[in-house]
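In the order they appear, the protein sequences are chains A and B.
For the first sequence, this note's numbering begins at 15 and goes up steadily by one.
For the second sequence, this note's numbering begins at 985 and goes up steadily by one.
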Amino acid sequence: MRSTAIDIDNESRPLERGAARRAGAAALVGLAATGLAIGLGAGSGWDVFFRSYLLNYTYFLSLALGGLCFVMLQHVVRAGWSVSVRRVAEFVAATLPWLTLLFLPLLVPVVGRLPGVYEWTDPAVVQGDPRLQAKAAYLNVPFFAVRCAVYFGVWSWLAWFCLRESRTQDISGDPRHTQRLERVSAPGLLALALTVTFFAIDTLMSLHPHWYSTIWGVYFFAGSAVGFYALLVLMLAILRRSGRMRHAVGAEHFHDLGKLAFGFVVFWAYIAFSQYLLIWYANLPEETIWYRPRQGDRWWVGVSLLLVFGHFLLPLMALMSRFPKRRPRLLVAAAVWLLLMHWLDLYYIVKPRAGPHHDHAPPLHATDLLLLVGLGGLFVAALVRPMRRWHLLPRRDPRLPEALSYENV
Amino acid sequence: MTAQATSSTPVRKLHGLIAEFTSPGALVTAAEQVRDAGFTRWDTHTPFPVHGIDAAMDIRRTRLPWLVLAAGTAGCLLGLLMQWWMNATSAADFPTVPTFLQGYDYLISGKPIFSLPANIPVIFELTVLLAALVTVIGMLALNNLPRFHDALFRLPRFRRVTTDRFFLRVDADDPRFDAEGTAVFLRGLGAVAVEPVESDGQPAHWPRWLVTALVVLAALALFPPLVVAKARLSKSPKPRIALIQDMDNQERYKAQQSNPVFADGRAGRQPPAGTMARGQLHTDAHYYVGRVGDDWALTFPPQVTVDQAFLRRGQERFGVYCAPCHGLGGAGDGLVHQRAVQRDTPGWVQPSSLHDQLIRSRPVGHLFNTITNGIRSMPPYSDQIPPADRWAIVAYVRALQLSQDARLEDVPPERQPELR
């Protein structure tokens, strides 16, 4: 039985000025790296630049979407254990309005009908392709823009709502905020499931507009969840090093986050393999086309195998036991690894290309890494912003005591 | 009273002592002290899982996860081995293995005989199955369950263990146990009551209803194997019961039926215009039709060589396909004909004698054509006899004809004296 006399206000105090300066520095580094990438893009081809941008943008977006899903899920199931980690997840989700701004550059290759990114935007290509003509009622530029507006509208509102209700409760302590969050979260999760699925179809699956996979949205979501749990573990460990959350978040919470990360690693593999198995078995050209460039040369075969081992088998064995999940140091190492692997998963999704642009595109560009730093800096800045203003724990949530005295049986 | 009770139940056995507590906190504190006092054979009983009781009782962590890991790994390897054996080996690889245990390397949709992607679902299922079974069975086994009786259940006080009371029990076979001293010790830990746990010393019996039910079930379980054994050992004219149809009786269209799915209404599909089934492109008229130019071929096609082996083949095929009607000697007196005459079949026409002057004068191409397409009541044999065999039969028919219509000059000169 842990003592309930924990100094919640001190444990959850917002970040200080130093953090603000570091966040500003991160934003500056991000802007500089992005600028450099734009410079490189002007030199080496805009299609390469926008592919890199798409890769790294969906990476950080997926982390935020994972956070939004986690927050709403905790409300729907009325979870007690997770209250002490929920605010940090709310901060992750609260980057979604900023990520909406960062999405706007991706409209450039769509509206500008840039060759080499989304070939369905090019009227000349669609003209000569009966299958793209059949899909044109869905895959066209205006409808794409409208759909994206809906996705980002839904996500931004949900993220903003979750954080606002939760931090209002910090002051009032009114349990009705919890009830309101529960009521909104159920339809919210439904809306999130639909929007994430269609977003994945629109931005990632339509890179190969002939190809389709009905499990695609789940695949994207499964990877996002893995990335988010890894990010949450990492953030909590960093905050604990600064002397916060030392009692509110302990081995028990890391243990549970480790379990969730482990579970979603397996789920990701299950989904990815389900997609592969059906396509492998049926062996239809219109489906195998997606795997052709990915199993076509040694680089991409290597990436595929690294995903099989690094994104599944290694974390499966590493996180199976209770031992590493209850030791934050080990769990943080696993989290960093999983964040890398999630990036590799998206790299595997976005970068391989079949067709006329294949030849002049080497598999890894400087822009891929520059934009990882660039968008990463901006993401961190957006993430830290609310942490300077609001408490890091929902300190008057009615279920907080449950989280503080939580123990795994 | 005690003396009387002892005399009426001669063997009363003391199992241990039980102490009752009113809160989980009190139980945990008491457990810590029992642990520190060095007791080893004791246990606690609570209405719900109590946090901290494991440490207070100094219970080491369960070995169950290791058993589950081992079972999961075994399931994984077993699934892989099973599929390798079934799909990737054949009778030829392991001829000494009994037939019903042999593998069957059947090629499915052009996939490799042994391919990991196809095996993973089964490997996954077996991993989960064995891990789950060992989790449940191992949990029961490590807890010494199932158990039908415990002396504790005789105590009315113990019934509250499922609602609001917490019990600590020290077994009598603990080396530190001493009926009076331990009772005093337990009372000192804050127990609201301490009672001895006794039984009549009789071993616990299986409940009678359970034994009856198991016997009945075991008897019923004998029926299916008996029915199967009877079916295996007896014969029946009825069609077999097909539990698994194995595509024996499929709904299907036959070749000449109509099928509304297609615009032309035919069930059998025509080959697309300008195409030809594999191996059916018969452009060589001499070999396939028996014609050279506009006339019947007078010679055998170059694809066949008329020699002793070829004639033997022709003789064997002739025996199979032709002799039933035409007779082994080709006189038109085969078994079919004899039976038809015997039965006085109306309208029966005797098969042609191959020694007929007309048939002797036919070119080999014409004979080949007759076998291929039939003539009058003789059916075509092109579907049953491949072209090379048809030519072999033609060669043998020629030999038969010569056997009945040879002149002395046809015999090699050095053997002519044998015939004089």
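Cβ atoms here follow ideal geometry from the backbone N, Cα and C, with glycine treated the same way.
Here the structure is a predicted model, which is why all the values come from computation and not from measurement.
- A check of alpha carbon separations from residue 1106 of chain B across B:1067, B:1137, B:1142 identifies B:1067 as the nearest.
- Burial check for residue 1387 of chain B: the Cβ neighbour count within 10 Å stays below 16, so the residue is exposed.
- Rounded to whole angstroms, the gap between the alpha carbons of residue 1278 of chain B and residue 1267 of chain B is 15 angstroms.
- Interface annotation, residue 1094 of chain B: in contact with chain A, CB-CB separation under 9 angstroms.
- Beta-carbon to beta-carbon, residue 243 of chain A and residue 281 of chain A are separated by about 11 angstroms, too far to satisfy the 8 angstroms threshold.
- For the set B:1039, B:1048, B:1024, the Cα lying nearest the Cα of residue 336 of chain A is the one of B:1048.
- Per DSSP, residue 167 of chain A lies in no beta strand (DSSP E); the unbroken alpha helix (DSSP H) holding it starts and ends at 155-186.
- In this structure, the beta-carbon distance from residue 1039 of chain B to residue 1154 of chain B does not fall below 9 angstroms.
- The CB of residue 423 of chain A comes closer than 7 angstroms to the CB of 1033 in chain B, given here in chain order.
- For residue 1163 of chain B, the number of other beta carbons within 10 angstroms of its own is below 16, and it is reported as exposed.
- Contacts between residue 1104 of chain B and chain A, judged by CB atoms closer than 8 angstroms, involve 287, 291 in chain order.
- Around the beta-carbon of residue 1225 of chain B, fewer than 16 other beta-carbon atoms lie within 10 Å, marking it exposed.
- The C-beta of residue 1053 of chain B comes closer than 9 angstroms to at least one C-beta of chain A.
- In the three-state reduction of the DSSP assignment, residue 1345 of chain B falls in the helix class.
- Judged by pairs of C-beta atoms under 8 angstroms, the stretch 104-112 of chain A touches the stretch 176-189 of chain A, as three or more such pairs exist.
- DSSP places residue 1183 of chain B inside the beta strand (DSSP E), whose first and last residues are 1177-1183.
- Residue contact check for residue 190 of chain A against chain B: no CB pair falls below 9 angstroms.
- The DSSP-derived three-state label of residue 1265 of chain B is coil.
- Apart from the 5 residues on each side of it in sequence, residue 1295 of chain B sits with its Cβ closer than 7 angstroms to the Cβ of 1379, 1380, 1383 in its chain, given in chain order.
- When C-alpha distances from residue 60 of chain A are compared across A:25, A:127, A:81, the shortest belongs to A:127.
- For residue 1161 of chain B, there is no enclosing alpha helix (DSSP H), as DSSP marks it with neither H nor E.
- Listed along the chain, the chain A residues whose CB falls inside 8 angstroms of the CB of residue 1208 of chain B amount to none; the nearest CB is some 35 angstroms away.
- The DSSP-derived three-state label of residue 997 of chain B is strand.
- Taking one beta carbon from each stretch, the stretch 1104-1123 of chain B and the stretch 1044-1058 of chain B have 3 or more pairs nearer than 8 angstroms; the two touch.
- With a cutoff of 9 angstroms on beta-carbon distance, residue 74 of chain A and residue 131 of chain A are scored as not near each other.
- Under a criterion of Cβ atoms nearer than 9 angstroms, the residues of chain A adjacent to residue 1101 of chain B are, in order, 287, 290, 291, 294, 295.
- When the beta-carbon positions are compared, residue 154 of chain A and residue 389 of chain A stay at least 9 angstroms from each other.
- Cα atoms of residue 111 of chain A and residue 166 of chain A: separation of roughly 8 angstroms, rounded to the nearest angstrom.
- Using beta-carbon distances, residue 1049 of chain B counts as an interface residue toward chain A, with a partner under 9 angstroms.
- By DSSP's assignment, residue 1005 of chain B forms a beta bridge with B:1150.
- By the CB criterion at 9 angstroms, residue 1366 of chain B and residue 1355 of chain B fall inside the cutoff.
- Among the bridge pairs identified by DSSP, residue 86 of chain A is matched with none.
- Residue-level contact by beta carbon fails for residue 308 of chain A and chain B, as no gap is shorter than 9 angstroms.
- Among the CB atoms of chain B, one or more fall inside 9 angstroms of the CB of residue 335 of chain A.
- Ranked by how close their Cα comes to the Cα of residue 81 of chain A, the residues A:169, A:193, A:405, A:35 have A:169 in first place.
- When A:232, A:193, A:135 are compared, the shortest CA-CA separation from residue 210 of chain A is found for A:232.
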